[in-house]
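This report refers to the structure that appears directly beneath it.
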Amino acid sequence: MPPLPNLAEVRIATVIRALHQPEFEAALALLFQTLAAPDNLICLAYRDAGPPQVLHRETRDPTVFTQLESTYLPGAYRLDPFFELHLNRVAAGAYRLTDIAPDAFHRSRYFSEYYEQTTLVDEITFVAYPAPGVTLNLCLGRDISSRRLFSSREVETCQRLAPVIAALSEAHWADLSRASGPAEDTAALLALAARRQRGIQLSARQAEVALLILRGHSTVSIGLRLGLSPQTVKVFRKQLYSRCAISSQAELFALMLPLLRDHAPPASGQGFQSGLVD
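For reference, each letter of the sequence shown is one residue, going 6 to 283 in the working numbering.
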């Protein structure tokens, strides 16, 4: 007698049958429960223009999404390590936050002022590309509900099945509106907003340094990213703080976060789902 298919195979088949149907997201969430048992799930579409679109979300603890509409979608997403994956057009696949976050991410004001408030302790994100200029992020999170990190086996399973998840997601969301033009230059947008809204004149390099500080890069990491010595980075940071009349990263975050906000209201897709199904 041939072996019976395991639960993951059964649920992949269910997702395939649900393509282009209203039950697709629920079927996908059940598959994710089989692969990695997340506490929460959010499916986002990043575009080269405008804020992310929420396609689906589920959670056991609503604290995770408390600041989603008020802080993340209007502009804080530009500081998220996963948004940078979109800007860099990384290969489709599964990425763990700890593998892609900047070296000083957990000491950044973005982490303490926003990310830590979500109670997230670990994330795995599937990256897919349904249309030019559009990146799907299917984020599986562990939070205060379980207080558990993803195991190495769960991470490996997600990475192994990432091509299947990407293909299914790209097929289901293939009709997402495309984005025109190149990926945004966030540092240039920051410099423009600082000049128009605050009368602060930042050089291109000062704006780049400001953005990398806000994203959680150390002096050494900034130097590696920009091809500068650590001492030169310190000079630019000193100039930046002087130009902004501030003396700390906390003040930089308070000054710059409003400048990163989109002027259009964030797009939102499906309604809030009350809880994950085990």
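Glycine included, each C-beta is placed from N, C-alpha and C at the ideal position. Keep in mind that this is a model prediction, so the values were computed, not measured.
Can you tell me which of the options puts its alpha carbon nearest to the alpha carbon of residue i?
| i | options | result |
| --- | --- | --- |
| F131 | L102, R153, E118 and V15 | L102 |
| E159 | F37, A41, P27 and E14 | A41 |
| R5 | G55, D53, L35 and I149 | This structure gives no information on residue 5, because the portion of the chain shown stretches from 6 to 283. |
| A167 | L143, T71, V69 and V126 | L143 |
| D148 | E14, L264, N45 and Q254 | N45 |
| S113 | V20, A255 and L173 | A255 |
| I47 | F37, G55 and A54 | F37 |
| V59 | S156, L262 and L181 | L181 |
| T123 | P137, R152 and D104 | R152 |
| A13 | R52, C163 and Y115 | C163 |
| L262 | G228, V238 and F116 | F116 |
| F87 | E28, I129, A18 and Y246 | I129 |
| N11 | E28, R22 and T39 | T39 |
| A18 | E161, T71, R94 and L173 | L173 |
Looking only at DSSP bridge pairs, what is residue i linked to?
| i | result |
| --- | --- |
| R152 | BP columns for R152 are empty, so no partner. |
| D127 | R147 |
| L141 | A50 and A133 |
| Y82 | The partner list for Y82 (beta bridge, DSSP) is empty, contrary to what the question assumes. |
| Y100 | T130 |
| Q122 | Partner(s): none; Q122 has no beta bridge. |
| Q58 | A50 |
Are residue i and residue j touching if we call contact CB-CB under 7 Å?
| i | j | result |
| --- | --- | --- |
| A212 | A192 | yes |
| D85 | S223 | no |
| A50 | V169 | no |
| E175 | P135 | yes |
| A179 | Y119 | no |
| D92 | P56 | Before going further, note that residue 92 is Leu rather than Asp in the sequence given. Contact flag unset, no. |
| L195 | L216 | yes |
| A209 | L264 | no |
| L33 | V20 | yes |
| A154 | D127 | The displayed chain sequence assigns Leu, not Ala, to residue 154. Result yes, Cβ atoms of L154 and D127 sit closer than 7 Å. |
| S150 | D66 | yes |
| D53 | A250 | no |
| L24 | H177 | yes |
| R83 | P137 | no |
Report back the beta-carbon spacing between residue i and residue j to the nearest angstrom; my notes put them in contact at under 8 Å.
| i | j | result |
| --- | --- | --- |
| F258 | V214 | Incorrect: roughly 14 Å between the Cβ atoms, too far for contact. |
| L197 | R248 | Incorrect: roughly 15 Å between the Cβ atoms, too far for contact. |
| V69 | L125 | 7 Å |
| A106 | G221 | 7 Å |
Output yes if chain C places a C-beta closer than 7 Å to the C-beta of residue i; else output no.
| i | result |
| --- | --- |
| S247 | Of the protein chains in this structure there is only one, and it is not chain C. |
### Query
Taking the runs of the alpha helix (DSSP H) that are 4 residues or longer, which of them lie wholly in the stretch 232-266?
235-249 and 254-261
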